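A.B. asks:
In the working numbering, the protein residues as written are 99 to 237.
1. Just tell me which of 112, 154, 229 and 113 has its CA closest to the CA of residue 59.
2. For a test of the three-state rule: what should DSSP assign to residue 238, helix, strand or coil?
3. Pick out whichever of 153, 115 and 185 has its Cα sitting closest to the Cα of residue 168.
4. From what residue to what residue does the alpha helix (DSSP H) around residue 156 run?
5. Which word fits residue 156, buried or exposed, when buried means at least 16 other C-beta atoms lie within 10 angstroms of its C-beta?
6. Can you tell me whether residue 201 is helix, strand or coil according to DSSP?
7. If we ignore side chains and look at the alpha-carbon of each, how far apart do residue 234 and residue 171 end up?
8. Taking buried to mean at least 16 other C-beta atoms within 10 Å of its own C-beta, is residue 108 buried or exposed?
9. Here's a check: name, in chain order, each residue in its chain whose Cβ is nearer than 6 Å to the Cβ of residue 53, leaving out the five neighbours to either side.
10. Would the beta-carbon of residue 188 fall within 7 Å of that of residue 151?
11. To the nearest angstrom, report how far apart residue 134 and residue 226 are at their CA atoms.
12. Residues in its own chain within less than 7 Å of residue 128 by CB, not counting five upstream and five downstream?
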């Protein structure tokens, strides 16, 4: 498994890149992403991780944290309910090159998906596409 990044560091610290201030016309989402890049990654909650990963920001650093949260929440899935989660959607819908460059994380996500009992049709579609993606990458 990939080494867990230092949770006390921000994406700016980990990447060694400081973004300028967002433009005045930036959307709320863009302003949020810029601000979250300055926060220690260990302080980001599931919603914030979903926003960052969904925007393809800091993915190599944030995916291990996201998978840790998904593993914990999947095991606590309420009986009889669908497991629909913005973080899971953000993780599942990353590009094929993400999984090609981190096969250990792809395998971990596969394990997590085996824990989840029921998902909505929308989530099932994303899960199916993820499996197609990793099968196409030589896994």
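We put the beta carbon where it would ideally sit given N, CA and C, even for glycine. Small disclaimer: the values here were computed from a predicted structure and weren't measured.
C.D. replies: Walking through what the data contain:
1. What the structure shows of the chain is the stretch from 99 to 237, and residue 59 is not part of that stretch, so it cannot be assessed.
2. Look at the range of the chain in this structure, 99 to 237, and you will see that residue 238 is not part of it.
3. 185
4. Per DSSP, residue 156 belongs to no alpha helix (DSSP H) and is neither H nor E.
5. buried
6. helix
7. 28 Å
8. buried
9. In the structure as shown, the chain starts at 99 and stops at 237, and residue 53 therefore has no counterpart that could be examined.
10. yes
11. 31 Å
12. 120
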